[in-house]
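Visitor:
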Amino acid sequence: MAIVDLVQRTEAWFDWRKEGITASMIPVIMGLSAYQTPYQLWAEFVGLKEPDDLSGNYHVQRGVEQEPEARHAVENEYGRPYLPVCVEADHNPLFKASLDGLYQLGEDSEVLEIKCPCDKIYNEILELKGSAPTFQMYAAQVQWQLNCSGATRGRLYFYLRGKRPISTGIQRNDTFIKKAEEMALQFWQLVKTKTPPPLDPERDTVVYELEQAPSDWASSVETYKAKVALVSERETELKAMKAEMKELEKYFTSQIPDDVQTFNKDGIRATRVERKGTIDYKKVLSEVEQQLNIVIDDNLIANNTKPSSTYFRITVTDGDSSDATAAKDDSEQTKQVITARDPQAVLDDANVSVEPTKTKAPQEAAPPKEEATVRSPKSFFDKATENMFF
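For the sequence shown, our numbering gives the first residue as 2, with consecutive numbering after it.
1) Where DSSP assigns a beta bridge to Thr263, which residues make up the other side?
2) Tell me whether Glu20 sits in a helix, a strand or coil according to DSSP, three-state version.
3) Does DSSP classify Glu1 as helix, strand or coil?
4) Looking only at its chain, what residues have a beta carbon closer than 8 Å to the beta carbon of Arg273, apart from the 5 residues adjacent to it on each side?
5) Where do the N-terminal and C-terminal ends of the alpha helix (DSSP H) with Arg72 fall, by residue?
6) Assuming Met184 contacts Ile4 under a Cβ cut-off of 8 Å, what Cβ separation, rounded to an integer in Å, is found between them?
7) So Gly102 and Arg63 are in contact, right, with Cβ under 8 Å, and what is the actual spacing, rounded?
8) Does the beta-carbon distance from Asp205 to Gln41 come in below 8 Å?
9) Thr306 to Thr224, Cα distance in whole Å?
10) Please say whether Tyr123 and Leu161 have beta carbons closer to each other than 8 Å?
11) Give the C-beta separation of Met26 and Gly151 to the nearest angstrom, bearing in mind that I take them to be a contact with Cβ-Cβ under 8 Å.
12) With a 10 Å radius around its C-beta and 16 neighbouring C-beta atoms as the bar for buried, classify Pro94 as buried or exposed.
13) Classify Arg204 as helix, strand or coil using the three-state DSSP reduction.
14) Where does Thr335 land, buried or exposed, given buried means 16+ other C-beta within 10 angstroms?
15) Would you tell me roughly how many angstroms separate the C-alpha atoms of Val208 and Pro28, rounded to the nearest one?
16) For Lys1 versus Thr23, is the C-beta spacing smaller than 8 Å?
17) I'd like the span of the beta strand (DSSP E) that includes Phe159, first residue to last.
18) Assuming Lys180 is part of the alpha helix (DSSP H), what are its boundary residues?
19) Among the residues of its own chain, which have a CB less than 6 Å from the CB of Ala44, if the five just before and after it don't count?
20) Report the residue from Ala219, Cys149 and Leu286 whose alpha carbon sits nearest the alpha carbon of Ile295.
21) What are the residues that DSSP puts in a beta bridge with Gly151?
22) Since Ala181 and Leu33 are thought to touch, with beta carbons under 8 Å apart, how far apart are those beta carbons, to the nearest angstrom?
23) Please report how far the alpha carbon of Ser310 lies from the alpha carbon of Met242, in whole angstroms.
24) If Gln146 and Glu114 are in contact, beta carbons under 8 Å, what's the gap, nearest whole angstrom?
25) Quick check: Glu68 and Cys117, are their CB atoms within less than 8 Å of each other?
26) Rounding to the nearest angstrom, what Cα-Cα distance links Pro202 and Ala35 in this structure?
27) When DSSP labels each residue in this structure, what does Lys131 get in the three-state scheme?
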């Protein structure tokens, strides 16, 4: 767990939240939120929709006002301090969470999530307990906080002034977390490629227009980026393997006596090879000029130079800017002749079988959901742990 030094609800905090997948996004992404759909959340991230301004919302104001006294109440009840912090998961910094409270003592750790509901939600949770849709939504949020913090348990604390607090222990559910990570990364890919998720026909009544790049170009760009990343990874592995092979070869040759030309043992053959040195033609020409007191005409060299060629050097850059620069005249720029290497050749050198990377084109829709409506929250939890909340 990495602790990020940020004050919650500041501008820097809001910017930080935009650069990753936070706990409050998980119920939306997994279809557990009654307040927002995945499409609406996606539209906010790609800039098609402004986030709703909740600063003047009465329920939000009540939560902000009562959260400090709720934290004080839970600390008094359990006799342990809870520190509000922002964290990122060790295994993926894209996974983020703003914790209302974190308790740590040695290997013992617990996250605290405070909710200050209205009377209707409070009574619903009191009656339905873990089956309440709102409870399932907040429980999913706590599971993501456990994922980011590495804590083994969480506490979901419902506080409403004048009412008895509802305190619920949340045990870590790795099956749920794995599913949440998969769906979160799929959603994030849709954001990065500006590909809208499926619409909920009953809730997504507003559809936003998205200006897309030509499909062939965009698809090729994503495929090329994936290939470049794969080749870079394989080249790093290949370099490491070759370094290890060099060390082994040094050991093999150190075992060969000086008077032995070929050594063959246990499937390893080492043959002593005498290699002639290469000729430094530039130095030869220089000595010829000095010894014969002549100057070799540049035209003679030009007449015996192979024709030049033009090629494009393709690189992957950050950002979406587009520009073009006119080519310089041959008299202004000397072009170096380089034979481009097929990226597949790098993979062949490493003798590694690699499955081709499949990249989704922007025009393709995301895999359809099983149902257009919000799925049952309980379907995301193990049956054996369905009643683990109370």
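Backbone N, C-alpha and C fix where the C-beta goes; we use that ideal spot for every residue, glycine too.
Guide: Checking against the coordinates, here is how it stands:
1) For Thr263, DSSP records a beta bridge to Thr272.
2) coil
3) The shown model of the chain, from 2 to 391, leaves out residue 1, and the question about it has no answer.
4) Ile257, Val261, Gln262 and Thr263
5) For Arg72, the enclosing alpha helix (DSSP H) covers residues Tyr59 to Tyr79.
6) Their Cβ separation, rounded to whole angstroms, is 26 Å, which puts Met184 and Ile4 out of contact at 8 Å.
7) No, Gly102 and Arg63 are not in contact; Cβ-Cβ is about 19 Å, not under 8 Å.
8) yes
9) 38 Å
10) yes
11) Taking a contact as a CB-CB distance under 8 Å, the pair Met26 and Gly151 does not count as one, their CB atoms being some 19 Å apart.
12) Sixteen is the threshold: since fewer than 16 other Cβ atoms of the shown chains lie within 10 Å of the Cβ of Pro94, the residue is exposed.
13) Looking at Arg204 - three-state DSSP - the assignment turns out to be coil, as it is neither helix nor strand.
14) Only weak support is given to the placement of Thr335: the predicted model assigns it a pLDDT of 39, under 50, and the value that follows is read from those uncertain coordinates. The residue is exposed, with fewer than 16 neighbouring Cβ atoms inside 10 Å.
15) 21 Å
16) Residue 1 cannot be examined here, being either before or after the span of the chain that is shown, 2 to 391.
17) Where Phe159 is concerned, the enclosing beta strand (DSSP E) stretches over Arg154 to Phe159.
18) Looking at the DSSP string, the run of the alpha helix (DSSP H) that includes Lys180 is Asp175 to Lys193.
19) Lys50 and Tyr209
20) Leu286
21) Answer by DSSP bridge pairing: none, since Gly151 is not bridged.
22) Not a contact, Cβ separation roughly 10 Å.
23) When rounded, the distance between both Cα atoms is 34 Å.
24) 7 Å
25) yes
26) About 14 Å.
27) In the sequence as presented, Lys is not what sits at residue 131; that position holds Gly. It is helical.
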